[in-house]
Every structure is written in structure tokens, then in C-alpha cells.
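Numbering (my numbering), first residue to last: 368 to 693.
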Ligand code: PAF
């Protein structure tokens, strides 16, 4: 099976390294030429903090190219699955031009972004393709351009949003199905705890709630996830964000597990030492995903005539931080 991985950040490198390690055909599409050169020279190393042996794949076992050649390569030599691991901002930015030559191609595109709003955009850009959503709790930190730390093993759940298919795309009628099962098997062979789900929307909305509470507050207070529970003032603010978000879900007929608040506290405990993806972006002076996380909750609320002041406020706070501090 041939995989194209667009984005060589932490998750992209983790997927590429683990898949290439099983002998799968992997093409990695990077933003910078420098990263392609380094990947070809040094390969990919996946290391662990718990003392497990690192996995290294040589640069000769996969290809690394700059992303502007992706469409051309798909037309000349199509892959089976494209794994899109870039941030939302990139999807909403340069992807329109990048994907336009592939408008009539039947790709399988799997989207790993946090938040909401990218799936419909990609389906619009690729109307003949199957756009899949992936939700993962795998934790990865990129150490160098070629090395990633697999900081926590999690789950990887893949499915089609009900926006595009009435049954989640698993009905046996869909020509992509058999392929999807083989894809999940390939991920499992690479060491991922992967599964297909008909409930991917519910999983995305659950993750959105978790991210909307944990990510901005860790970014503003510059603390690892577990520190959110260190004072009752912090927990109160988390709870206020949560309560406002579930009011939006209720008004939008989005169902969620009534124990999601407890699940959020549990994520903080289980990932206590982790730096959230939003804090990592802020520390690296990168633009964050706040517009697609808390911003999407604001937009959902507005569509239902709700004001959502806390999420709106927190978007402003985080957006105001993403300039290099002097
Ligand atoms: O975005 C993240 O960093 C993670 O999904 C989580 C677990 C919410 C915070 O580390």
C-alpha cells in the first residue's frame, strides 16, 4: 500500500516512520527543501521517553519531497491513501491552489486536524474523492527535522463524517470500504491502535470539547495539562468554558456524552506532563488553531442565535499572544 503523508511535523513524522518501518511505500511531503534533504540523509527516528528502544528507518526506505510537487506526483503515480497532518491554517490557506489539479481524482484523503471546518472545505476542493476524518490521542513531539518522540500511545479512529455519507461510509456499497479496512490493518501493523468508526462526528465533537477547554488555558497560563487542576480557580474557568460549549452543542442538536466534563479532567490527569498542541504553538511563536477550536464553537453558537462570550473572549486572548514577544 502506498501512503502520501503531507506535513512532516510531529504526527506526520510519527506516521511516516512507523509505516515505513513495516516496509510500506511512503512519500513524505514537506514544506521545506532543507527537511527533505535531512530526511533523505538521516531517515526518521521515532524515540520513546519510557526507555523503549528507538525505531529508525533509513532515508532510502521512503521518499521526501516538497509539498508543491504532491499533486503532480498523484497524477503521475497515484498513492492509495493521503494522510494530511498539517495544521488547519495551512488547509484553509494554500491548499486550494495545491489541490486544484486533483479536482477529478478519486483520492482517499485522511484528515488529522483538530477542530472543525476543514472536512467540508477539503470535500469541496476534492469533490470526486473520499475525505476521511481521523481523530487520534497519540502524543508526539518533534525533536528535530528527522526525529520524533512518541510521548504517549493512544488510539486512532477513522471514519467518514455524516455530512458526506448517510451511514459513515461503511455500508458495503462504498467502493472505498475494502480499502479502508486494509488501511486500518496497515496502521495496526505499524503499531497503531487504529479502528474504523461510524461515529466519527461524535468523536470529533468530543475531542473539540476537550481541546476547547484544555488547549487555550494551557497556552495562556503556559502550563502542562495536569497543572490546570492545580487550583480551584483554574478548574472553575475550565468549567465555565465547558458549560458554555455544551449550551452551544445543545442548541445545535449535537449529542455528547454527559460525562465529558469528567473525561476532560481525566485527560488532564492522564497527560499531566504534556504540553498541549496550542501551548507548543505559542511557545514556538506559531499561529494557533484557536479559530478552528474555540472559534468554531463561537460560529456554531452564532448560527443558533447564541452569543458565546467566553469562547469569543478566549479566541481574542490567544490570538493576541501569537506575535513574537519582545
Ligand atoms: O491538542 C492537544 O494537545 C491534545 O489533544 C490534548 C490532550 C487536548 C492536550 O494535550
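No residue lacks a Cβ here, since even glycine has one placed at the ideal position from N, Cα and C.
Check: residue i C-beta below 7 Å from any heavy atom of the ligand PAF
i	result
residue 644	yes
residue 638	yes
residue 395	no
residue 634	yes
residue 587	no
residue 664	no
residue 475	no
residue 581	yes
residue 544	no
residue 577	yes
residue 481	yes
residue 641	yes
residue 560	no
residue 661	no
Exposure of residue i, with buried meaning 16 or more beta-carbon neighbours within 10 Å
i	result
residue 583	buried
residue 454	buried
residue 442	exposed
residue 487	exposed
residue 410	buried
residue 471	exposed
residue 552	exposed
residue 574	buried
residue 508	buried
residue 548	exposed
residue 528	buried
residue 530	exposed
Residue i - DSSP class collapsed to helix/strand/coil
i	result
residue 616	helix
residue 695	In the structure as shown, the chain begins at 368 and stops at 693. Residue 695 is therefore absent and cannot be evaluated.
residue 624	coil
residue 671	coil
residue 476	strand
residue 466	helix
residue 517	strand
residue 370	strand
residue 539	Its pLDDT being 45, under 50, residue 539 is placed unreliably by the model, and the measurement read from it follows with that caveat. The answer is coil: DSSP assigns residue 539 none of H, G, I, E or B.
residue 575	helix
residue 430	strand
residue 483	coil
residue 456	helix
residue 606	helix
residue 642	coil
residue 570	helix
residue 522	strand
residue 377	helix
Rounded separation between residue i and residue j - CA only
i	j	result
residue 421	residue 639	23 Å
residue 459	residue 481	13 Å
residue 512	residue 378	12 Å
residue 404	residue 545	36 Å
residue 394	residue 572	31 Å
residue 564	residue 524	6 Å
residue 518	residue 417	8 Å
residue 444	residue 636	45 Å
residue 665	residue 501	23 Å
residue 396	residue 430	9 Å
residue 390	residue 408	18 Å
residue 613	residue 450	30 Å
CB contact check: residue i to chain B, cutoff 8 Å
i	result
residue 461	Among the chains in the structure shown there is no chain B, since it carries only a single protein chain.
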